[in-house]
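Right, one structure below, let's go through it.
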Amino acid sequence: MLYREAGDFKTTYRADQQTFPIKSERILFWAFIAFAFLIVPFFINDYWNKAVLMPLLIYSMAALGLNILVGYCGQVSLGTGGFMAVGAFACYKLMTAFPGMDMFSVVILSGFVTAAVGIIFGLPSLRIKGFYLAVATLAAQFFLVWVFNKFAWFYNYSASGQITAPERSIFGIAVTGPSTAPWATYLFALTILFVFGWIARNLTRGRLGRSWMAIRDMDIAAEIIGVSPLKAKLSAFAISSFYIGIAGAMFFANYLGAAEVGEAFGIDKSFLVLFMVIIGGLGSILGSFLGAAFLVLLPVLLKNLMVGYLGWATDLAAHIQIMLVGGLIVFFLIAEPHGLAQLWRITKEKLRIWPFPY
Amino acid sequence: MNMHTKPSQEFVMTRPDDGIKVGDPLLVVDHISLSFGGVKAISDISFDVRKGEIRAIIGPNGAGKTSMLNVINGFYHPQEGTITFRGEKRTKMKPHVAAHQGIARTFQNIALFKGMSVLDNIMTGRITLQKRNLLWQALWRGPAEAEELEHRRSVEHIIDFLEIEAIRKTPVGRLPYGLQKRVELGRALAAEPALLLLDEPMAGMNLEEKEDMSRFILDVNQQFGTTIALIEHDMGVVMDLSDRVVVLDYGRKIGDGTPDEVRNNQDVIDAYLGVSHDE
Numbered sequence: 001m002l003y004r005e006a007g008d009f010k011t012t013y014r015a016d017q018q019t020f021p022i023k024s025e026r027i028l029f030w031a032f033i034a035f036a037f038l039i040v041p042f043f044i045n046d047y048w049n050k051a052v053l054m055p056l057l058i059y060s061m062a063a064l065g066l067n068i069l070v071g072y073c074g075q076v077s078l079g080t081g082g083f084m085a086v087g088a089f090a091c092y093k094l095m096t097a098f099p100g101m102d103m104f105s106v107v108i109l110s111g112f113v114t115a116a117v118g119i120i121f122g123l124p125s126l127r128i129k130g131f132y133l134a135v136a137t138l139a140a141q142f143f144l145v146w147v148f149n150k151f152a153w154f155y156n157y158s159a160s161g162q163i164t165a166p167e168r169s170i171f172g173i174a175v176t177g178p179s180t181a182p183w184a185t186y187l188f189a190l191t192i193l194f195v196f197g198w199i200a201r202n203l204t205r206g207r208l209g210r211s212w213m214a215i216r217d218m219d220i221a222a223e224i225i226g227v228s229p230l231k232a233k234l235s236a237f238a239i240s241s242f243y244i245g246i247a248g249a250m251f252f253a254n255y256l257g258a259a260e261v262g263e264a265f266g267i268d269k270s271f272l273v274l275f276m277v278i279i280g281g282l283g284s285i286l287g288s289f290l291g292a293a294f295l296v297l298l299p300v301l302l303k304n305l306m307v308g309y310l311g312w313a314t315d316l317a318a319h320i321q322i323m324l325v326g327g328l329i330v331f332f333l334i335a336e337p338h339g340l341a342q343l344w345r346i347t348k349e350k351l352r353i354w355p356f357p358y
Numbered sequence: 001m002n003m004h005t006k007p008s009q010e011f012v013m014t015r016p017d018d019g020i021k022v023g024d025p026l027l028v029v030d031h032i033s034l035s036f037g038g039v040k041a042i043s044d045i046s047f048d049v050r051k052g053e054i055r056a057i058i059g060p061n062g063a064g065k066t067s068m069l070n071v072i073n074g075f076y077h078p079q080e081g082t083i084t085f086r087g088e089k090r091t092k093m094k095p096h097v098a099a100h101q102g103i104a105r106t107f108q109n110i111a112l113f114k115g116m117s118v119l120d121n122i123m124t125g126r127i128t129l130q131k132r133n134l135l136w137q138a139l140w141r142g143p144a145e146a147e148e149l150e151h152r153r154s155v156e157h158i159i160d161f162l163e164i165e166a167i168r169k170t171p172v173g174r175l176p177y178g179l180q181k182r183v184e185l186g187r188a189l190a191a192e193p194a195l196l197l198l199d200e201p202m203a204g205m206n207l208e209e210k211e212d213m214s215r216f217i218l219d220v221n222q223q224f225g226t227t228i229a230l231i232e233h234d235m236g237v238v239m240d241l242s243d244r245v246v247v248l249d250y251g252r253k254i255g256d257g258t259p260d261e262v263r264n265n266q267d268v269i270d271a272y273l274g275v276s277h278d279e
């Protein structure tokens, strides 16, 4: 009964094309944001931060970036792990080369570096499509990981080949390094995700977003209507890589603290983020968040259930958890091939007319 | 959103005037030849399209009609000959450049953006007219939004004109065929083209849908003053709508003139009805 659009008349085009056209949806959204910004930081502890919230925020960021490329522009990419590594190493080099720089600038600059790399690896998309492009981006994944392993300059010639984040701050509050407060890293990641989530929404609803979707749906017609495939595809690669680079930088600096490239940014990362995008819903901002939430929260939930509640052995629980998550992915894809975002959309449609569906 | 205003009164073409008078040639196709490997699709075809007219291109299947349209909007590059559009001669160009010059088109088999709503599809037609850069778009509030709303207003006039108000938020994949054709026309119109190419706008339609579409084509021509070149197989429609007709057969031009002239042209009759080879 709370979810109604009756009587909610739109009298301007502006009101008609806002992000949340229904009032109760708007209230819900802002209440959720207020909760995340104002309430959660007071109750956050180290476990919640490290096990749940930080991975959720960072993977949401990566999924958002990949969704721009795969979901909106229709260019399949398996190079996410590699691009996250670019973000992480750019972040590391910037942190060590400019110790005075605040963390926000470091992360944004890492995003720009990744965007440049993304454009280079996006060039094959001008000639090849679909599975062939996926294989080309897979090459990017292996190549980038190899580069960061091979050339010691990237990890400042450290003996272990690892990169370790020194302590850096923003407004005098440490957000990286060993002695950070959980609320500080949480708020840092949340702010970045909120700002760039908003920007992603703006980009996808305007001219640029439509040119991406046009290329995705029918590239020949798009070109004839005036979309330059070069600009559309490369801008999608650039912006997508920008987001993924930021996610990689935060994953390394704020979340892990230290990383070894093959382990932290391997091919499994590429697939994980791609799964998030597909399960969440291709071409949907909300879907990116839902997909990340599904694949981050579900394993944690299952583990707590099996080890904490049922008292099973940890290794047994770990294996069953992998099987269950896999099974659930298949189940969700059969139940709703267009992802969780579509499920949410259908629920809303049903709610609108509930309880009199005629 | 005043639904009762006639679109023609408020719909303002924003493309700069090219100085070509009505009746003067807008597009000149000069001795065009196109072949794919050994197959000659078009050989030595010349014709022109005058500003303000409806020009039909007809011919039996495989005559090279669609290839001709593909040449005009830059999708194929002819081996020989030149195309002059709005006084500018060109040889090779990309389709999206042609779009920027003011050529829009619809397709024989519908080429809409299936995942997008009707509104978004038609808004995409205005992509060449939207100028705000990435940073403004990322910010949204301010110039980018103002521009978006301005274009939304023009698009609503087109939606109004094509009488598809009720489906503006529907994903085009869910629409019936006839409506999809109409949306595709809307998308081409949204670009405010100087020259509109229609590739079989009435293929697969029933009589009523054909009548609607013919009315829209005439209205576009008369109210917006848009020059139209169309390919169509329905001879009744072609003869009623068009000012001049060019007839192709096996990649050659066999007739050119008003509908009446073409109707009485012996070559054209032979091409359509077949000719006896006995004598």
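Going line by line, the protein sequences match chains A and B.
Under my numbering, think of the first position of the first sequence as 1, with each following residue one higher.
Under my numbering, think of the first position of the second sequence as 1, with each following residue one higher.
Backbone N, C-alpha and C define an ideal beta-carbon position, used for all residues, glycine too.
If you count every other CB in all the chains shown that lies within 10 Å of the CB of residue i, and 16 or more means buried, which is it?
{"i": "residue 208 of chain B", "result": "exposed"}
{"i": "residue 3 of chain B", "result": "In this prediction, residue 3 of chain B has a pLDDT of 41, which is less than 50 and means its spatial position is unreliable; what the coordinates show is noted afterwards. It is exposed - the Cβ of residue 3 of chain B has fewer than 16 other Cβ atoms within 10 Å."}
{"i": "residue 221 of chain B", "result": "buried"}
{"i": "residue 425 of chain A", "result": "In the structure as shown, chain A begins at 1 and stops at 358. Residue 425 of chain A is therefore absent and cannot be evaluated."}
{"i": "residue 44 of chain A", "result": "buried"}
{"i": "residue 8 of chain B", "result": "Confidence is the limiting factor: at residue 8 of chain B the pLDDT is only 43, short of 50, which leaves the residue's position unreliable and the question unanswerable from this model."}
{"i": "residue 10 of chain B", "result": "Note that residue 10 of chain B scores a pLDDT of 49, beneath 50, so its modelled location is shaky and nothing firm can be said."}
{"i": "residue 211 of chain B", "result": "exposed"}
{"i": "residue 128 of chain A", "result": "exposed"}
{"i": "residue 30 of chain A", "result": "exposed"}
{"i": "residue 273 of chain B", "result": "exposed"}
{"i": "residue 67 of chain A", "result": "buried"}
{"i": "residue 254 of chain A", "result": "buried"}
{"i": "residue 143 of chain A", "result": "exposed"}
{"i": "residue 88 of chain B", "result": "exposed"}
Mapping the DSSP letters down to three states, classify residue i as helix, strand or coil.
{"i": "residue 310 of chain A", "result": "coil"}
{"i": "residue 167 of chain B", "result": "helix"}
{"i": "residue 142 of chain B", "result": "coil"}
{"i": "residue 25 of chain B", "result": "strand"}
{"i": "residue 114 of chain B", "result": "coil"}
{"i": "residue 50 of chain B", "result": "strand"}
{"i": "residue 31 of chain B", "result": "strand"}
{"i": "residue 279 of chain A", "result": "helix"}
{"i": "residue 127 of chain A", "result": "coil"}
{"i": "residue 185 of chain A", "result": "helix"}
{"i": "residue 221 of chain A", "result": "helix"}
{"i": "residue 225 of chain B", "result": "coil"}
{"i": "residue 9 of chain A", "result": "coil"}
{"i": "residue 175 of chain B", "result": "coil"}
{"i": "residue 43 of chain B", "result": "strand"}
{"i": "residue 148 of chain A", "result": "helix"}
Can you round the beta-carbon distance between residue i and residue j to whole angstroms, since I take them to be within the 8 angstroms contact cut?
{"i": "residue 124 of chain B", "j": "residue 201 of chain A", "result": "Their Cβ separation, rounded to whole angstroms, is 18 angstroms, which puts residue 124 of chain B and residue 201 of chain A out of contact at 8 angstroms."}
{"i": "residue 62 of chain A", "j": "residue 249 of chain A", "result": "Contact flag wrong, Cβ pair sits at about 11 angstroms."}
{"i": "residue 179 of chain A", "j": "residue 103 of chain A", "result": "Actually they do not touch by this definition, with Cβ atoms about 14 angstroms apart."}
{"i": "residue 225 of chain A", "j": "residue 214 of chain A", "result": "7 angstroms"}
{"i": "residue 35 of chain B", "j": "residue 101 of chain B", "result": "At roughly 25 angstroms, the Cβ-Cβ gap does not stay under 8 angstroms, so residue 35 of chain B and residue 101 of chain B are not in contact."}
{"i": "residue 285 of chain B", "j": "residue 32 of chain B", "result": "Lying outside 1 to 279, the shown extent of chain B, residue 285 of chain B is not represented and no answer is given."}
{"i": "residue 20 of chain A", "j": "residue 119 of chain A", "result": "That belief does not hold up - the Cβ atoms of residue 20 of chain A and residue 119 of chain A are roughly 33 angstroms apart, past 8 angstroms."}
Could you confirm whether any beta carbon from chain D is found closer than 9 angstroms to the beta carbon of residue i?
{"i": "residue 47 of chain B", "result": "As a matter of chain content, chain D is missing from the structure shown, whose protein chains are A and B."}
>> With three or more C-beta pairs closer than 8 angstroms as the rule, is the region 234-251 of chain A touching the region 110-128 of chain A?
In response: yes
> Going along the region 157-180 of chain B in order, which residues come within less than 8 angstroms of chain A, judged by CB to CB distance?
Replying inline: none
> Using a Cβ cut-off of 8 angstroms, which residues of the region 224-248 of chain B contact any Cβ in chain A, in chain order?
Replying inline: none
> Is the region 161-175 of chain B touching the region 37-54 of chain A, taking contact as three or more C-beta pairs under 8 angstroms?
Replying inline: no
>> Along the region 94-111 of chain B, where does the CB come closer than 8 angstroms to a CB of chain A? Name the residues.
In response: 94, 95, 96, 98, 99, 100, 104, 105, 107, 111
> On the three-pair Cβ rule with 8 angstroms, is the region 96-115 of chain B touching the region 137-152 of chain B?
Replying inline: no
> So does the region 142-152 of chain B actually touch the region 226-239 of chain B, counting three or more Cβ pairs closer than 8 angstroms?
Replying inline: no
>> Under 8 angstroms, CB to CB, which of the residues in the region 112-130 of chain B have a partner in chain A?
In response: 112, 113, 114, 115, 116, 120, 123, 124, 125, 127, 128, 130
>> Is it the case that the region 295-302 of chain A contacts the region 262-270 of chain A, given that we only count it when at least three CB pairs across the two stretches are under 8 angstroms?
In response: no
>> Measuring CB atoms only, is the region 74-91 of chain A touching the region 307-315 of chain A, in the sense that at least three cross pairs come out at less than 8 angstroms?
In response: no
> Between the region 224-242 of chain A and chain B, which residues of the former have a C-beta closer than 7 angstroms to a C-beta of the latter?
Replying inline: 224, 225, 226, 227, 228
>> Taking beta-carbon pairs under 9 angstroms, can you tell me which members of the region 168-193 of chain A lie near chain B?
In response: none
>> Pairs of beta-carbons, one from the region 151-166 of chain A and one from the region 251-258 of chain A, closer than 8 angstroms: are there three or more?
In response: yes
> Mind listing which residues of the region 47-76 of chain B have their C-beta closer than 9 angstroms to chain A's C-betas, in chain order?
Replying inline: 73, 74, 75
> When Cβ atoms are compared, which residues of the region 278-309 of chain A fall closer than 8 angstroms to chain B?
Replying inline: 283
> Would you say the region 121-140 of chain A touches the region 226-239 of chain A, given that touching needs at least three Cβ pairs under 8 angstroms?
Replying inline: yes
> So does the region 336-348 of chain A actually touch the region 274-284 of chain A, counting three or more Cβ pairs closer than 8 angstroms?
Replying inline: yes
>> Whether or not the region 52-60 of chain B and the region 225-232 of chain B are in contact is what I'm after, with contact meaning three or more pairs of Cβ atoms, one per stretch, closer than 8 angstroms; do they touch?
In response: yes
>> Which residues of the region 39-71 of chain A have a Cβ closer than 8 angstroms to any Cβ of chain B? Give them in chain order.
In response: none
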